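Student: Numbering-wise, the first sequence is residues 108 to 659 according to my numbering.
Positions of the beta carbon are idealized from the N, C-alpha and C atoms, including for glycine.
Just so it is clear, the structure is predicted and the values come from calculations on it, not from any experiment.
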Amino acid sequence: MKDIISDLLLQAAKTLVADTASINIILERPKSADHGDFSCNLAMILAKPLRQNPRTIAEQLIQALPKNTQIEKVEVAGAGFINFYLAANTKHDIVKDILQAGEHYGHNQTGKGEKVQVEFVSANPTGPLHVGHGRGAAVGDCLSRLLAANGWDVTREFYYNDAGAQIDNLTKSVLARAQGIATDDASFPENGYHGEYIADIAKAYLAKETVVADDIKVTASGDLADLESIRHFSVAYLRHEQDLDLRAFQIQFDVFSLESALYASGKVEETVQALIKSGHTYEEEGALWLRTTDFEDDKDRVMRKQEGGYTYFVPDVTYHLEKWNRGFTKVINEQGADHHSTITRVRAGLQALNVGIPKGWPDYVLHQMVTVMRGGEEVKLSKRAGSYVTLRDLIEEVGCDATRYFLAARRADSQLAFDIDLARAQTNDNPVYYIQYAHARICSVLAQWGGDASSLTSADLSALTSPRETSLMQKLSEFPDIVQNAASDLAPHMIANYLKECASELHSYYNDTKFLVDDASTKLARMALITATRHVLKNGLALLGVSAPNQM
RNA sequence: GCGCCCGUAGCUCAGCUGGAUAGAGUACUUGGCUACGAACCAAGGGGUCAGGAGUUCGAAUCUCUUCGGGCGUACCA
108 MKDIISDLLL
118 QAAKTLVADT
128 ASINIILERP
138 KSADHGDFSC
148 NLAMILAKPL
158 RQNPRTIAEQ
168 LIQALPKNTQ
178 IEKVEVAGAG
188 FINFYLAANT
198 KHDIVKDILQ
208 AGEHYGHNQT
218 GKGEKVQVEF
228 VSANPTGPLH
238 VGHGRGAAVG
248 DCLSRLLAAN
258 GWDVTREFYY
268 NDAGAQIDNL
278 TKSVLARAQG
288 IATDDASFPE
298 NGYHGEYIAD
308 IAKAYLAKET
318 VVADDIKVTA
328 SGDLADLESI
338 RHFSVAYLRH
348 EQDLDLRAFQ
358 IQFDVFSLES
368 ALYASGKVEE
378 TVQALIKSGH
388 TYEEEGALWL
398 RTTDFEDDKD
408 RVMRKQEGGY
418 TYFVPDVTYH
428 LEKWNRGFTK
438 VINEQGADHH
448 STITRVRAGL
458 QALNVGIPKG
468 WPDYVLHQMV
478 TVMRGGEEVK
488 LSKRAGSYVT
498 LRDLIEEVGC
508 DATRYFLAAR
518 RADSQLAFDI
528 DLARAQTNDN
538 PVYYIQYAHA
548 RICSVLAQWG
558 GDASSLTSAD
568 LSALTSPRET
578 SLMQKLSEFP
588 DIVQNAASDL
598 APHMIANYLK
608 ECASELHSYY
618 NDTKFLVDDA
628 STKLARMALI
638 TATRHVLKNG
648 LALLGVSAPN
658 QM
């Protein structure tokens, strides 16, 4: 419908302007029903080049508008808006569209089946996942679902930094615990991890337990002199723990990539040599530097430390080169904003390699910190201190659906205060239940109706004329645009907001109108409308990874 | 110091690539279950969109600046 109106306007514009090629017609959905079903600001945009009053231009455009039976009336309003009012039968069409498309309603093919990789969570295997990881998980997974709904071929990937200084810390911490050294003891590693889970790992190691994570299986030797064995076991143990966290959150990855594998295969060393060859590196103060200032960084960065090891962004560059070589021309990295400095470095490294990677590749979605409130006070999230709200605790307290919704329902780039007491105490007032309740209500009515759902596609919908019905149909028709915009803006929270509005429309309609009335034609039309609403709610919840129960 | 993000109702937050009278939830006040599920609905009060300047027909939205908060600016990741 949008395309049809755009086309009509373009034809009208041709009578006023010689060159219509540069005209970009923007149609919007007015917030108020008084302003019609579609609104266009074309007259205001043309006011300047034509040097005429916007309202006059609007009048002329309307005069020149070709006739169309789907449009009931067109009028000028405000400063020069052209408002379109659709004919009633045109509005009904959306219900049939939805019933026919079913679970595919709202989906599109803008991705053209091309490959996209979404990397998210990517927590270090040094502890269980916490709320911040949960936000990354919720946003990343929802983003993946959105891209898939937009016709992309999505690969979900998790990258483990299972090499480097933090893993050394982990190993030393486990060793110390296995030796019976308390965390407050002077001989406990200075930057060691203090959490109680370290003691659990130490105990398991001494008991020579076996752990399985993804594709690896490690049995502890129990030998405290064997640091390599402690390291392998500890990493595997925590990867297993994180697997359980992810399972509790109902998140699945297609690929797990390991930093250690990049070292083992010699790929990291290859990258370093290629960077040296590129001429963008130099040695100074016993370290090897990458001249990232050649690529818009404000200072150069160390690649190889004095002690010989590489800094974290070197394997990151290698990893992203691998992504490119694997054919991902589109890559989205979802990560915490505290790591945002890595963006410039990774991109700089990729540019220095000069292998044809576009300048702004890859894309990033950064989420801001999650502060956790309990008892009116902020709970500090520190792996080393051990005071820790784990994702699994949270899921147990407030449920998987509610946790996912809360963490995905807000813009990623604003800080999030997760009040555990509130989430737990007000479970029934949670917006996710509000949406699910709308879905369950519809299911309940349909069950009592007991008719044949497939007959609804041919139902006569002319009875759907009340303001509530019009308003609901209008809301349903917005869903495809929301799905497309949320994906192109990489903003999954838009789905959550939309669903709340959609549920609200349904609840208002429900309280205002009885559906199961005696008049067969009216009843059938209403069954068709609420069935369409059910599809939209269900499809939307699916994009969030939240369930749509038939009864609650 | 420099860079990135944020600042909207008492609180938690929406506001799409600039549009019409700035919206929800929550809390507070009031009304609605002998109708298909009251985990719901309807109505009311509550705002200098942090402050200032600019761009233009028009700014919460774009630019500059001040203030406030977070993060980064590590040879941690």
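#1: Between which two residues does the alpha helix (DSSP H) harbouring M151 extend?
#2: Quick check on the DSSP output: the alpha helix (DSSP H) that includes I602 runs from which residue to which?
#3: For K219, which residues in the same chain have their Cβ closer than 7 Å to its Cβ, ignoring the five residues on either side in sequence?
#4: Quick one: using the 10 Å Cβ neighbour count with 16 as the cut-off for buried, is L523 buried or exposed?
#5: Would you give the residue range spanned by the beta strand (DSSP E) that G243 belongs to?
#6: Around the C-beta of D423, are 16 or more other C-beta atoms found within 10 angstroms, so that it is buried, or is it exposed?
#7: List the whole-angstrom C-beta distance separating L313 from A285, where the pair is believed to meet the contact cut-off of C-beta under 8 Å.
#8: For D405 and D500, I'd like the C-alpha separation in whole angstroms.
#9: When we look at the beta-carbon of P465 and count the other beta-carbons within 10 Å, is it buried (16 or more) or exposed?
#10: Report the residue ranges of all beta strand (DSSP E) runs contained in full by the segment 500-574; include only those spanning at least 3 residues, in chain order.
#11: Give me the Cα-Cα distance between K155 and N131, rounded to the nearest whole angstrom.
#12: Does DSSP put G467 in a helix, a strand or coil?
#13: Determine the DSSP secondary structure at I201, reduced to helix, strand or coil.
#14: The beta strand (DSSP E) spanning T451 covers which residue range?
#15: What residue from K430, K621, S562, A594 has the CA that sits closest to L571's CA?
#16: Count the other CB atoms, across all protein chains shown, that sit within 10 Å of the CB of K310; report buried if there are 16 or more and exposed otherwise.
#17: Where does F622 fall in DSSP's three states?
#18: Among residues of its own chain, excluding the 5 on either side of R491, which ones have a beta-carbon nearer than 6 Å to its beta-carbon?
#19: Output the distance between the C-alpha atoms of E585 and Y471, rounded to the nearest integer angstrom.
#20: Please state if the CB of V539 and the CB of Y512 are separated by a distance shorter than 7 Å.
#21: Does DSSP put T290 in a helix, in a strand, or in coil?
#22: In this structure, how does DSSP classify M480 when only helix, strand and coil are distinguished?
#23: I'd like to check one pair, L514 with R242: are the Cβ atoms closer than 7 Å?
Tutor: A quick look at the data gives this:
#1: Mapped onto the first sequence, residue 151 falls at position 44. First-last of the alpha helix (DSSP H) with M151: 149-157.
#2: To locate residue 602, count along the first sequence from 1; it is residue 495. Looking at the DSSP string, the run of the alpha helix (DSSP H) that includes I602 is 600-619.
#3: Looking up residue 219 in the first sequence gives position 112. Excluding positions up to five away in sequence, the list reads G258.
#4: Here residue 523 refers to the residue found at position 416 of the first sequence. When all chains shown are included, L523 counts as buried.
#5: Counting from 1 along the first sequence, the entry for residue 243 is found at position 136. Here G243 belongs to no beta strand (DSSP E); instead the alpha helix (DSSP H) covers 238-256.
#6: Residue 423 sits at position 316 when you count from the first residue of the first sequence. The residue in question, D423, is buried, as its Cβ has 16 or more Cβ neighbours within 10 Å.
#7: Sequence index remark: in the first sequence, residue 313 carries index 206 (1-based). Sequence index remark: in the first sequence, residue 285 carries index 178 (1-based). That pair is a contact at about 6 Å.
#8: The residue labelled residue 405 in the question sits at position 298 within the first sequence. The residue labelled residue 500 in the question sits at position 393 within the first sequence. Approximately 41 Å between the Cα atoms of the pair.
#9: Position 358 of the first sequence, counting from 1, holds the residue named residue 465. Exposed, since its Cβ has fewer than 16 Cβ neighbours within 10 Å.
#10: Those beta strand (DSSP E) runs which fall completely within the segment 500-574 and span 3+ residues are 523-526.
#11: Counting from 1 along the first sequence, the entry for residue 155 is found at position 48. Counting from 1 along the first sequence, the entry for residue 131 is found at position 24. K155 and N131: Cα-Cα distance of roughly 15 Å.
#12: Numbered from 1 along the first sequence, position 360 holds the residue referred to as residue 467. In this structure, G467 counts as coil in the three-state DSSP scheme.
#13: To locate residue 201, count along the first sequence from 1; it is residue 94. Helix.
#14: Looking up residue 451 in the first sequence gives position 344. If you look at T451, you'll find it isn't in any beta strand (DSSP E); it sits in the alpha helix (DSSP H) that goes 448-460.
#15: Position 464 of the first sequence, counting from 1, holds the residue named residue 571. From the listed residues K430, K621, S562, A594, the smallest Cα separation to L571 is found for K621.
#16: Start at 1 with the first residue of the first sequence, and residue 310 comes out as number 203. Counting Cβ neighbours within 10 Å, K310 comes out exposed, since fewer than 16 surround it.
#17: In the first sequence, counting from the first residue as 1, residue 622 sits at position 515. Residue state, collapsed to three classes: coil.
#18: Here residue 491 refers to the residue found at position 384 of the first sequence. With a pLDDT of only 47 at R491, under 50, the local geometry of the prediction cannot be trusted, and the value read off the model is given with reservation. Contacts found: Y300, H301.
#19: As a position in the first sequence, residue 585 is number 478, starting the count at 1. As a position in the first sequence, residue 471 is number 364, starting the count at 1. Their backbone Cα atoms lie some 27 Å apart in a straight line.
#20: As a working mapping, residue 512 is identified with position 405 in the first sequence. As a working mapping, residue 539 is identified with position 432 in the first sequence. Result yes, Cβ atoms of Y512 and V539 sit closer than 7 Å.
#21: Against the first sequence, residue 290 aligns to sequence position 183. Coil at T290, not helix or strand.
#22: Sequence index remark: in the first sequence, residue 480 carries index 373 (1-based). Strand at M480.
#23: Here residue 242 refers to the residue found at position 135 when the first sequence is read from its first residue. Here residue 514 refers to the residue found at position 407 when the first sequence is read from its first residue. Yes. Within cutoff.
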